[in-house]
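*Asks:*
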Amino acid sequence: MEALPLVALVAASAAIAGAARRTRVPAPLLLVAAGLTASYLPGVPDYTLDPHIVLPLILPPLLYTAAVDSSYLDLRANIRPVALLSVGYVLFATLAVGWLAFLLVPDLPLTAALVLGAVVAPPDAVAATAIARKLGLPNRITTILQGESLVNDATAITAYKVALAAAVGEGVSWAGGIGEFALAALGGIGVGLVLMAPLHWLRTRLREALLQNTLSLLIPFVAYAAAEEVGASGVLAVVVVALYLGHRNWQVDFATRLQEAAVWKMVAFVLESAVFALIGLQLPYVVQGLGQYGIGEAAWYAAGVFAAVVVVRFVWVYPATFLPRALSVRIREREPGVNWTAPLIVGWAGMRGVVSLAIAFSIPHVTDGEPFPARNLVLFLTFTTVIGTLVVQGLTLPPLIRALKLPGRDAHAETLAEAQAQSEASRAAEQRLDELLADERNTLPQPLADRLRTVLERRRNAVWERLGAVNEITGETADDTYRRLSREVIAVERQVFVQLRDERRIDDEMMRTLLRRLDLEEAAAYREKDAG
Numbered sequence: 001m002e003a004l005p006l007v008a009l010v011a012a013s014a015a016i017a018g019a020a021r022r023t024r025v026p027a028p029l030l031l032v033a034a035g036l037t038a039s040y041l042p043g044v045p046d047y048t049l050d051p052h053i054v055l056p057l058i059l060p061p062l063l064y065t066a067a068v069d070s071s072y073l074d075l076r077a078n079i080r081p082v083a084l085l086s087v088g089y090v091l092f093a094t095l096a097v098g099w100l101a102f103l104l105v106p107d108l109p110l111t112a113a114l115v116l117g118a119v120v121a122p123p124d125a126v127a128a129t130a131i132a133r134k135l136g137l138p139n140r141i142t143t144i145l146q147g148e149s150l151v152n153d154a155t156a157i158t159a160y161k162v163a164l165a166a167a168v169g170e171g172v173s174w175a176g177g178i179g180e181f182a183l184a185a186l187g188g189i190g191v192g193l194v195l196m197a198p199l200h201w202l203r204t205r206l207r208e209a210l211l212q213n214t215l216s217l218l219i220p221f222v223a224y225a226a227a228e229e230v231g232a233s234g235v236l237a238v239v240v241v242a243l244y245l246g247h248r249n250w251q252v253d254f255a256t257r258l259q260e261a262a263v264w265k266m267v268a269f270v271l272e273s274a275v276f277a278l279i280g281l282q283l284p285y286v287v288q289g290l291g292q293y294g295i296g297e298a299a300w301y302a303a304g305v306f307a308a309v310v311v312v313r314f315v316w317v318y319p320a321t322f323l324p325r326a327l328s329v330r331i332r333e334r335e336p337g338v339n340w341t342a343p344l345i346v347g348w349a350g351m352r353g354v355v356s357l358a359i360a361f362s363i364p365h366v367t368d369g370e371p372f373p374a375r376n377l378v379l380f381l382t383f384t385t386v387i388g389t390l391v392v393q394g395l396t397l398p399p400l401i402r403a404l405k406l407p408g409r410d411a412h413a414e415t416l417a418e419a420q421a422q423s424e425a426s427r428a429a430e431q432r433l434d435e436l437l438a439d440e441r442n443t444l445p446q447p448l449a450d451r452l453r454t455v456l457e458r459r460r461n462a463v464w465e466r467l468g469a470v471n472e473i474t475g476e477t478a479d480d481t482y483r484r485l486s487r488e489v490i491a492v493e494r495q496v497f498v499q500l501r502d503e504r505r506i507d508d509e510m511m512r513t514l515l516r517r518l519d520l521e522e523a524a525a526y527r528e529k530d531a532g
């Protein structure tokens, strides 16, 4: 792809995603709609998804940033439902959707239908988790959706490879298929386990934030490529490494964490925006390739496959939720209060995404001199399933969540827990400060010693103040007012530094040093609300 169309794609998709933040429409849906519209506008170049770019170059960083931000402890606590969805459901959907497609579409070989089943099996939970966080779903549902999205791509890619081998006549047996899964899963996990400790050691030994973040950007590609080189799952290798590094991220210095968070937030925003726009832009390509199938006939098949994908997920989710509870007293005691609403949300959040399309595009045109059976139809059915789930389920998921009135996150309880944790940490820090100041080697003028104590006290009190009374005039808590006033006075200092630079009383280098100091103080004084 030429440079200008690529730049135009990134710029336009970022602008649309930014505009979506000002509306109630989830960004993925607006991006897909914009891509569909743009695909038929005159002058818009052809954008074709290349699986050799999407899988090794786009999927690893998206997986990495999602896994680093995930909670290893929460995932471990929910390993059973996550495994049932990310492995069990994907395999079940491959077989069930493939068999239903075989019955629905005349002359579609069963092996090709199973390839289609594997392609559309893995939900892409990027949009679902974004909606879950925005609407304040319970942590457990969000964790399950996140965990599913981290692992299900590996299961689907492996199932696709086995189904493809059967479709092209390579004589795959059940034992061979199981061996392929074992190699992919155990090999991917093994590569991740081998890489995670050395990579973390290297991250903690590098002393410059710039070098550490350069390494951070390389890690997902290194893990993915290393696993794929030995025939293992690159997806699982990336997830294992990212979960380990995220769990131990506190051992990296603060400058790296601040820079890394900003860098990866930007990378994820750009990639996700471009990917969803690319999905919509595939419409002309998949329609033109239908060949012998009329658009009306193909549309009926598409509706049938879409319905099968939606129904099969519920057929799996409800038994997978309630059968283990019926069979195990321990599970019922550990997971009380589970009713029909949670699996309804999880079942309806099965939106498909770019991984399905990328896998479909990787289906070979010709195998052993013969065209792959119904390749263009499989590609069309994948595209319509992705679009259908994103639009239908994506648009209806928020009102469904609101209608069910699920108990969301308890903001007061979370703030109280945060305040108690901060109070314990501050007490320990004050005790350590007293010990340090008692040592003659650490003698400080009294104003500086008082300043250290004031900073600790301010940090301890700030969270408690958020639980306190609200200003009747402004509606702010005392902590909100403190942050706002801090920013106001810092802004005045910043203007003075710029004025002094303009008057040539200080040079640009000194101004940047002073502004950097103010930026850090402002970051400490004002904690930005999570934008989602």
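Numbers 1 to 532, taken from the numbering used here, label the letters of the sequence shown in order. C-beta atoms are modelled at their ideal positions from N, C-alpha and C, and glycine is treated no differently.
The alpha helix (DSSP H) spanning M266 covers which residue range?
*Replies:* It spans F254 to L281 - the alpha helix (DSSP H) in which M266 sits, taken as one unbroken run.
*Asks:* Would the beta-carbon of L406 fall within 7 Å of that of M351?
*Replies:* No, these two residues do not count as a Cβ contact at 7 Å.
*Asks:* Determine the closest residue to A38 out of Y72, G296, P5 and A421, with distance taken between C-alpha atoms.
*Replies:* For the residues Y72, G296, P5 and A421, the minimum Cα distance to A38 belongs to P5.
*Asks:* Can you grab the Cα-Cα spacing for the pair V309 / R453, in whole Å?
*Replies:* Answer to the nearest angstrom: the Cα atoms are 60 Å apart.
*Asks:* Where in the segment 372-450 do unbroken runs of the alpha helix (DSSP H), each at least 4 residues long, occur, reported from the N-terminal end onward?
*Replies:* Those alpha helix (DSSP H) runs which fall completely within the segment 372-450 and span 4+ residues are 375-388, 394-404 and 411-438.
*Asks:* Which value, in whole angstroms, describes the spacing of the CA atoms of P399 and I387?
*Replies:* Cα-Cα distance, rounded: 19 Å.
*Asks:* With DSSP run on the structure shown, which of helix, strand or coil describes G532?
*Replies:* Only weak support is given to the placement of G532: the predicted model assigns it a pLDDT of 37, under 50, and the value that follows is read from those uncertain coordinates. Reduced to three states, the DSSP call for G532 is coil.
*Asks:* Would you kindly work out how many angstroms separate the C-alpha atoms of V346 and W316, rounded to a whole number?
*Replies:* In a straight line, the C-alpha of V346 is about 11 Å away from that of W316.
*Asks:* Quick check on L537: buried or exposed, where buried means 16 or more other Cβ atoms within 10 Å of its Cβ?
*Replies:* Given a span of 1 to 532 for the chain in the structure shown, any question on residue 537 remains unanswerable.
*Asks:* If you measure from the beta carbon of T477 to each beta carbon in chain C, is any gap under 7 Å?
*Replies:* Among the chains of the structure shown, chain C does not appear; only one protein chain is present.
*Asks:* Do you know whose CA, among L114, W201, L404 and E208, lies nearest N339's CA?
*Replies:* For the residues L114, W201, L404 and E208, the minimum Cα distance to N339 belongs to L404.
*Asks:* Apart from the five residues just before and just after V331, which ones in its own chain have a Cβ nearer than 8 Å to its Cβ?
*Replies:* Looking at the sequence provided, one finds Ile at residue 331 rather than Val. R80, P324 and R325.
*Asks:* Please look up how many angstroms separate the CB atoms of G246 and Y72, rounded, as I've assumed it's under 8 Å.
*Replies:* 7 Å between Cβ atoms; contact.
*Asks:* Would G212 pass as a contact of L206 if the rule is Cβ separation under 7 Å?
*Replies:* According to the sequence shown, residue 212 is Gln rather than Gly. For Q212 and L206, yes; Cβs fall inside 7 Å.
*Asks:* What would DSSP say about E208, mapped onto helix, strand or coil?
*Replies:* The answer is coil: DSSP assigns E208 none of H, G, I, E or B.
*Asks:* When DSSP labels each residue in this structure, what does T477 get in the three-state scheme?
*Replies:* T477 falls in the strand class under three-state DSSP.
*Asks:* Return the chain-ordered list of same chain residues with a C-beta closer than 6 Å to the C-beta of A605, the five sequence neighbours on each side being excluded.
*Replies:* What the structure shows of the chain is the stretch from 1 to 532, and residue 605 is not part of that stretch, so it cannot be assessed.
*Asks:* In this structure, does DSSP put S149 in helix, strand or coil?
*Replies:* S149 falls in the helix class under three-state DSSP.
*Asks:* Alpha carbon to alpha carbon, how far is L114 from A232?
*Replies:* Looking at the two C-alpha atoms, the distance is approximately 22 Å.
*Asks:* Could you say which of Q292, V238, E430 and V90 lies nearest to I58 if we only look at CA atoms?
*Replies:* Out of Q292, V238, E430 and V90, V238 has the C-alpha closest to the C-alpha of I58.
*Asks:* Tell me where the alpha helix (DSSP H) around S356 begins and ends.
*Replies:* Counting along the chain, the alpha helix (DSSP H) containing S356 begins and ends at V354 to F361.
*Asks:* Just the C-alpha distance for A197 and P60, rounded to the nearest angstrom, thanks.
*Replies:* Distance between the alpha carbons of A197 and P60: 19 Å.
*Asks:* Give me the Cα-Cα distance between L236 and S86, rounded to the nearest whole angstrom.
*Replies:* Approximately 12 Å between the Cα atoms of the pair.
*Asks:* Hey, could you find the ends of the alpha helix (DSSP H) H247 is sitting in?
*Replies:* Note, H247: alpha helix (DSSP H), G234 to H247.
*Asks:* Tell me, please, whether the segment 178-188 touches the segment 12-21 by the rule of three or more beta-carbon pairs shorter than 8 Å.
*Replies:* Result no; under three Cβ-Cβ pairs closer than 8 Å.
*Asks:* Check whether the segment 264-282 touches the segment 91-107, counting contact only when three or more Cβ pairs, one atom from each stretch, lie closer than 8 Å.
*Replies:* No, they do not touch.
*Asks:* Please report the residue range of the alpha helix (DSSP H) in which Y318 lies.
*Replies:* Segment I295 to L327, the alpha helix (DSSP H) holding Y318.
*Asks:* If you drop the 5 nearest sequence neighbours on each side, which residues of the same chain put their C-beta closer than 7 Å to that of T158?
*Replies:* Result list for T158: E180, F181, A184 and S233, in chain order.
*Asks:* According to DSSP, simplified to helix, strand and coil, what is E333?
*Replies:* Correct three-state label for E333: helix.
*Asks:* List in chain order: all unbroken alpha helix (DSSP H) runs of 4+ residues lying wholly within the segment 35-79.
*Replies:* With a minimum length of 4 residues, the continuous alpha helix (DSSP H) runs that stay inside the segment 35-79 are 59-68 and 72-77.
*Asks:* For the segment 83-99 against the segment 146-155, are there 3 or more C-beta pairs whose distance is under 8 Å?
*Replies:* They touch, by the three-pair rule.
*Asks:* Would A12 and A20 be called neighbours here (beta carbons separated by less than 7 Å)?
*Replies:* No, the pair does not count as a contact, with Cβ atoms beyond the cut-off.
*Asks:* Between the C-alpha atoms of V455 and R483, what's the straight-line distance to the nearest angstrom?
*Replies:* Rounded to the nearest angstrom, the two C-alpha atoms are 14 Å apart.
*Asks:* Nearest to T567 by CA position, among E522, E509 and I359, is which residue?
*Replies:* The chain is shown from 1 up to 532; residue 567 falls before or after that span and cannot be answered.
*Asks:* From this set, I490, Y301 and N461, which residue's C-alpha is nearest T477's C-alpha?
*Replies:* Comparing Cα-Cα distances from T477 to each of I490, Y301 and N461, the minimum goes to N461.
*Asks:* Given a threshold of 16 other Cβ atoms within 10 Å of its Cβ, counted over all protein chains shown, does A531 qualify as buried or as exposed?
*Replies:* Because the pLDDT of A531 is 37, which lies under 50, any placement of that residue in the model is unreliable, and the number read from its coordinates should be weighed accordingly. So A531 ends up on the exposed side.
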